[in-house]
Amino acid sequence: MAERAVDQSREVYDRSKDALDASVATLERTFDAAGQGAVAFNRKIIDIAQRNVNSGFDLAKSLAGAKNLSEIVELQAAYWQKLLGALTSQAEEVRALSTKMAAAAVEPLKEQVKRGVK
Numbered sequence: 635m636a637e638r639a640v641d642q643s644r645e646v647y648d649r650s651k652d653a654l655d656a657s658v659a660t661l662e663r664t665f666d667a668a669g670q671g672a673v674a675f676n677r678k679i680i681d682i683a684q685r686n687v688n689s690g691f692d693l694a695k696s697l698a699g700a701k702n703l704s705e706i707v708e709l710q711a712a713y714w715q716k717l718l719g720a721l722t723s724q725a726e727e728v729r730a731l732s733t734k735m736a737a738a739a740v741e742p743l744k745e746q747v748k749r750g751v752k
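Printed below as a string of structure tokens:
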């Protein structure tokens with residue numbers, strides 16, 4: 635009877651250990667995906683910032699070559715119109731990347747839940 639109790643305890647321990655190991659592996663994959671997503675997100679923000687700074691320098695260069703006030707106003711209006719379109723596009727880029735990051739980070743958890751249900 636004592637041997638049977640020990641064997642049963644060992645089986646329960648082994649199953650619990652396997653479940654814990656699977657959970658830890660899932661968390662590692664989740665954190666890895668989240669980390670990779672954070673890197674991609676930071677790179678996207680830096681890319682957007684660089685594009686916007688370059689656009690500002692392009693405007694400054696154009697303004698320096700303007701011949702009169704009318705041309706300055708025209709250049710600035712065109713810049714702001716272009717910038718508004720760029721900001722809308724950039725917001726979409728960030729939204730799409732955020733959605734992709736969230737899906738990638740949650741995927742290991744979904745897989746673990748599916749395995750748990752089975």
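Numbered continuously in our numbering, the sequence shown closes out at residue 752.
Glycine residues also receive a C-beta, built at the ideal position from the N, C-alpha and C atoms.
Buried or exposed for residue i, please, with buried defined as at least 16 other CB atoms from any protein chain shown within 10 angstroms of its CB.
| i | result |
| --- | --- |
| T660 | buried |
| A739 | buried |
At the level of alpha carbons, what is the spacing between residue i and residue j?
| i | j | result |
| --- | --- | --- |
| I682 | E662 | 30 Å |
| V687 | D666 | 32 Å |
| I679 | T722 | 14 Å |
| L743 | L709 | 51 Å |
Have a look at the options and flag the residue whose alpha-carbon is nearest the alpha-carbon of residue i.
| i | options | result |
| --- | --- | --- |
| S689 | S732, K701, A656, L718 | L718 |
| Q670 | L743, E708, M735 | M735 |
| A712 | V646, E727, D692 | D692 |
Locate the alpha helix (DSSP H) running through residue i, then write down its first and last residues.
| i | result |
| --- | --- |
| G699 | That residue, G699, is in no alpha helix (DSSP H); it is neither H nor E in DSSP. |
If I measure Cβ to Cβ from residue i and keep anything under 6 Å in the same chain, skipping five residues before and after, which residues do I get?
| i | result |
| --- | --- |
| E727 | none |
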